[in-house]
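J.: Have a look at this one before I ask anything.
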Amino acid sequence: MEFLVISENKMKIMLTAEEMRNYGIECEGSDYKDPIIRKAFWKILDRAYEECGFEVRGEKILLQY
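Each residue of the sequence shown is one higher than the one before, counting from -17 in our numbering.
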């Protein structure tokens, strides 16, 4: 997993296909409405905070994958 901080409120997160599988995220058919997918994204964002201090709690976020 690689994090690239673009600005104070923008970050690019790159995962390998294996990392996506480990989080239960599929390239197609995954829907943020699914609690498993939501939990996976929040785990990734928690890791981003741990590794580079990128904080998103209490803010609106846009996820693209």
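Positions of the beta carbon are idealized from the N, C-alpha and C atoms, including for glycine.
Helix or strand or just coil, what does DSSP make of F(-15)?
T.: Of the three classes helix, strand and coil, the one that applies to F(-15) here is strand, per DSSP.
J.: Exposed or buried, which one is I43 when buried takes at least 16 other CB atoms within 10 Å?
T.: It is exposed - the Cβ of I43 has fewer than 16 other Cβ atoms within 10 Å.
J.: Rounding to the nearest angstrom, what Cα-Cα distance links E1 and C9 in this structure?
T.: Near 11 Å, if we compare the C-alpha coordinates of C9 and E1.
J.: Straight-line CA distance for L11 to I(-12)?
T.: The sequence as given places Gly at residue 11; Leu does not occur at that position. Whole-angstrom Cα-Cα distance: 28 Å.
J.: So does I7 have its beta carbon nearer than 7 Å to some heavy atom of the ligand SAM?
T.: In the structure shown, the ligand SAM is absent, as is every other ligand, since no ligand is present at all.
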